[in-house]
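Input: a single structure, listed below in structure tokens.
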Amino acid sequence: MKPLLLAILTLLFGPDCYARIDRRAVVNRHRIVTYQTDTLSPAQVGNGHFAFGMDITGLQTFVPFNTLSDWGWHSFPKNEVERAQHYRGVAKQVGDRTIHLDYPDPQQREISKWLARNPHRLNLGRLGFRLLKADGSIATERDLHNISQETDLWSGVVTSRFTLEGQTVEVQTACHPERDAVGVAVKSELLRMGRLQLFALFPYGDGRYHAPYVGDYKADDKHSSKITKKSAHSAQITRRVDTVVYQAYLGWSDKVAIRRAANSPHHFELIPQCKDNSFSLVCEFSPQQTRPQTLAAEDIIKQSAEAWQQFWLSGAAVDLSGSEDPRWKELERRVVLSQYQMRMNAAGLWPPQESGLVNNTWYGRFHFEMIWWHETHHLLWSRPELAAKTLQVYRRFLPTSCQRARQQGYKGARWPKCTADRDVEWPHRIHATLVWQQPHPIYFAETLYRINPNSETLKQWGDIVDATAEYMADFVRYDKASGHYILGSPLCIVSENTPIAKTKNPTYELAYWRYGLEVAQRWRERVGLSRNKRWDEVLAHLAPLPVEEGVYVTYEGIPNMWTKYNFEHPALTGVYGMLPGLGVDKAIFEKTLSRVLSLWNFNSVWGWDFPMLAMAAARCNRPQDAVDLLLYDSKNFRFDAHGLATGGPFPYHPSNGGLLAAVAMMAGGWDGSQGATPGFPANWHVRAEGFQRMQ
Numbered sequence: 262m263k264p265l266l267l268a269i270l271t272l273l274f275g276p277d278c279y280a281r282i283d284r285r286a287v288v289n290r291h292r293i294v295t296y297q298t299d300t301l302s303p304a305q306v307g308n309g310h311f312a313f314g315m316d317i318t319g320l321q322t323f324v325p326f327n328t329l330s331d332w333g334w335h336s337f338p339k340n341e342v343e344r345a346q347h348y349r350g351v352a353k354q355v356g357d358r359t360i361h362l363d364y365p366d367p368q369q370r371e372i373s374k375w376l377a378r379n380p381h382r383l384n385l386g387r388l389g390f391r392l393l394k395a396d397g398s399i400a401t402e403r404d405l406h407n408i409s410q411e412t413d414l415w416s417g418v419v420t421s422r423f424t425l426e427g428q429t430v431e432v433q434t435a436c437h438p439e440r441d442a443v444g445v446a447v448k449s450e451l452l453r454m455g456r457l458q459l460f461a462l463f464p465y466g467d468g469r470y471h472a473p474y475v476g477d478y479k480a481d482d483k484h485s486s487k488i489t490k491k492s493a494h495s496a497q498i499t500r501r502v503d504t505v506v507y508q509a510y511l512g513w514s515d516k517v518a519i520r521r522a523a524n525s526p527h528h529f530e531l532i533p534q535c536k537d538n539s540f541s542l543v544c545e546f547s548p549q550q551t552r553p554q555t556l557a558a559e560d561i562i563k564q565s566a567e568a569w570q571q572f573w574l575s576g577a578a579v580d581l582s583g584s585e586d587p588r589w590k591e592l593e594r595r596v597v598l599s600q601y602q603m604r605m606n607a608a609g610l611w612p613p614q615e616s617g618l619v620n621n622t623w624y625g626r627f628h629f630e631m632i633w634w635h636e637t638h639h640l641l642w643s644r645p646e647l648a649a650k651t652l653q654v655y656r657r658f659l660p661t662s663c664q665r666a667r668q669q670g671y672k673g674a675r676w677p678k679c680t681a682d683r684d685v686e687w688p689h690r691i692h693a694t695l696v697w698q699q700p701h702p703i704y705f706a707e708t709l710y711r712i713n714p715n716s717e718t719l720k721q722w723g724d725i726v727d728a729t730a731e732y733m734a735d736f737v738r739y740d741k742a743s744g745h746y747i748l749g750s751p752l753c754i755v756s757e758n759t760p761i762a763k764t765k766n767p768t769y770e771l772a773y774w775r776y777g778l779e780v781a782q783r784w785r786e787r788v789g790l791s792r793n794k795r796w797d798e799v800l801a802h803l804a805p806l807p808v809e810e811g812v813y814v815t816y817e818g819i820p821n822m823w824t825k826y827n828f829e830h831p832a833l834t835g836v837y838g839m840l841p842g843l844g845v846d847k848a849i850f851e852k853t854l855s856r857v858l859s860l861w862n863f864n865s866v867w868g869w870d871f872p873m874l875a876m877a878a879a880r881c882n883r884p885q886d887a888v889d890l891l892l893y894d895s896k897n898f899r900f901d902a903h904g905l906a907t908g909g910p911f912p913y914h915p916s917n918g919g920l921l922a923a924v925a926m927m928a929g930g931w932d933g934s935q936g937a938t939p940g941f942p943a944n945w946h947v948r949a950e951g952f953q954r955m956q
């Protein structure tokens, strides 16, 4: 009977319906190999909460790439004027209320500026080689030959090879899967000759808005770096950067002479005393005073390989190699490299900044509206554990978000827009009036409940869902003239390009409000509570999505939308793509999508707009458009050799996360979709396993 059943299944569905994907083959065909340093695109090793960027040597020898973490935050000391000022927000008229919002205060300019720059993410330190030529001079990258660097995605190990004056150097670099530690193993005859040395260099915080290389290496008198412990095989350097104190632990395999360089009190030279051609080093950073258990580089390399193999074998997978469209390989490359990037840069204790742990953008802070693009894919790819710590930000910030709502005269919890490891909003008119981040925790809670539909999930997220919805129901204003509850000004919408004082009833935000309140009611019913009457009142009379000329528009009454506002995020397409389409007229939406695809300026959008459009196309049964959008040739949606994406300040990880979310939806389906891999055209023969259906 079983052989007969197997034969029938094979005839009906093909031999691949039950065969598991060879995940290692999929990953290995996209190994990263480069032959020169890209000064803006480092190779990286990392574990989600710590990452180390490197140039072609396997360290930060010639390019000052960054070593960033979840915990490394710095604030400049306040001057006398800043200490004397106490920011309380700026009074703004909101309907019939006067509310203090987080605008820059013209009466307290200094403290407003200080809050904008602080805290900022700190570069923990730079580690590089000091390569000496035969004449004793220091080599430059131009002196290196036969250069190659390979990132083995399956193991997370980067192998760098080059020659200096005929002598081969091989370097392996890896990151510990749990600790903030880098392991380096070197093989070269230059070690025996004393011509391969190392250096460690520590910067001050720079507080720059955008910084490809983070840190001020010239402010020697503003911080300290001291060797506080030393042994034959290790040294501990204690760093004091104003109120921030952390340790850099260095451990090595052979004897090493360590000395402070003459040019800076924060520059240390490490000179191995090797008798053979191999040497290994571990550099670990920690905010703790107590030294952690000693690590060896070889152990880090081994544990990295074990952890990355476990990652690749977990969750979902997709194999596009059977497709007739020759572009399958580029899309699959983007998918594989995006998984690597997001595992390194977006699986930590806090939501990632948009550039992850590569460099600093927006002072290194994270954006609450971007959490959807950074974390949703982890859930859809059946790896909820990678998002678990990050999503706890809603638990940690719930008390302060409730306080923010109370101070503004609202019920519930008002989530911030842009912040760091403490819930203090950066004063900015966009931050004060943006609202599309508000329903996100309800979306996450519902997705997590679909994965684990049990009482534990309801208990973990119930009060967060309730407080979020309570604010949403209180935030809308009743408009007597229309008889509707409206989203009114001052209001900043997804695209951030419309007049804040005039914008009302934006399509995306209205749809997300309806979704959030309806799902919140569903959560009440799951725990035996009756529906909230106020929420039902708002749902029954919430303003309809604005329509003009038979299509949805960005907001109610927008002038010249298709010529003046056809740039930035086409967020109105998210109502039936990202979102499941509650309150959306499907016929109107399909016309809207067609008009957006025809008239939008795709050279003036952001990276996650293409996945958002692809998800909309998939729901509208336009799979060819969905694939074309994920491969759209725009300067704002390109993926370099390392998988780092454009689409905003480089690199822009919402592009990667959005791509993964869209592919998960197209491969795994969504509520109401039919058949396997419903988002792909018929000539794309896609093998997929392990995906969660999207809402």
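Under the numbering used here, the first residue of the sequence shown is numbered 262, with each subsequent residue one higher.
For glycine and all other residues, C-beta sits at the position ideal for the given N, C-alpha and C.
Treat the numbers as computed from the prediction; the structure is a model and nothing was measured.
- Secondary structure within the region 428-481: the alpha helix (DSSP H) runs of 4 or more consecutive residues, fully enclosed, are 450-454 (chain order).
- Rounded to the nearest whole angstrom, the C-alpha separation of residue 592 and residue 302 is 20 Å.
- Nearest to residue 497 by C-alpha distance, out of 751, 547, 409 and 368, is 547.
- Looking from the CA of residue 483, the closest CA among 525, 815, 469 and 453 belongs to 525.
- Contact between the region 801-819 and the region 738-755 is established, with three or more Cβ pairs separated by less than 8 Å.
- Looking at the DSSP output, residue 513 shares a beta bridge with 542.
- Assignment of alpha helix (DSSP H) within the region 366-429, counting only whole runs of 4 or more residues, yields 370-378 in chain order.
- Around the beta carbon of residue 556, 16 or more other beta carbons sit within 10 angstroms, so the residue counts as buried.
- In the three-state reduction of the DSSP assignment, residue 489 falls in the strand class, which pools E and B.
- About 10 Å separates the CB atoms of residue 458 and residue 519; that is not less than 8 Å, and the two are not in contact.
- One alpha carbon belongs to residue 728, the other to residue 463, and they sit about 43 Å apart.
- Residue 535 sits in coil when the DSSP states are folded into three classes, being neither helix nor strand.
- The beta carbon of residue 905 sits closer than 6 Å to those of 302 and 912, all from its chain and outside the five residues before and after it, given in chain order.
- Per DSSP, the unbroken beta strand (DSSP E) holding residue 500 starts and ends at 495-502.
- For residue 305, the enclosing beta strand (DSSP E) has its first and last residue at 304-307.
- According to DSSP, residue pairing for residue 315 in a beta bridge involves 304.
- With a 10 Å radius around the Cβ and a threshold of 16 neighbouring Cβ atoms, residue 953 comes out buried.
- Across the set 371, 366, 311 and 306, the C-alpha of 371 shows the shortest separation from the C-alpha of residue 338.
- In terms of CA proximity to residue 855, 812 leads the group 812, 677 and 845.
- By the neighbour-count criterion, in which 16 or more other beta carbons inside 10 Å mark a residue as buried, residue 579 falls on the buried side.
- Take residue 708, set aside five residues on each side of it, and the residues of its chain with a beta-carbon closer than 6 Å to its own are 640, in chain order.
- A Cβ-Cβ separation of about 4 Å places residue 698 in contact with residue 629 under the 8 Å criterion.
- Only buried fits residue 832, as 16 or more other CB atoms lie within 10 angstroms of its CB.
- Taking 4 residues as the shortest admissible run, the region 776-814 contains the following complete alpha helix (DSSP H) segments, listed from N- to C-terminal end: 794-802.
- Going by beta carbons, residue 672 and residue 681 fall outside the 8 Å limit.
- When secondary structure is reduced to three states using DSSP, residue 686 falls in the coil class, being assigned neither helix nor strand.
- In the three-state scheme derived from DSSP, where H, G and I count as helix and E and B as strand, residue 745 is classed as strand.
- Secondary structure of residue 703 (DSSP, three-state): helix.
- Taking 4 residues as the minimum length, the alpha helix (DSSP H) runs contained wholly in the region 561-609 are 589-606, in order along the chain.
- Proximity of the region 322-339 to the region 376-392 meets the contact definition, three or more beta-carbon pairs being nearer than 8 Å.
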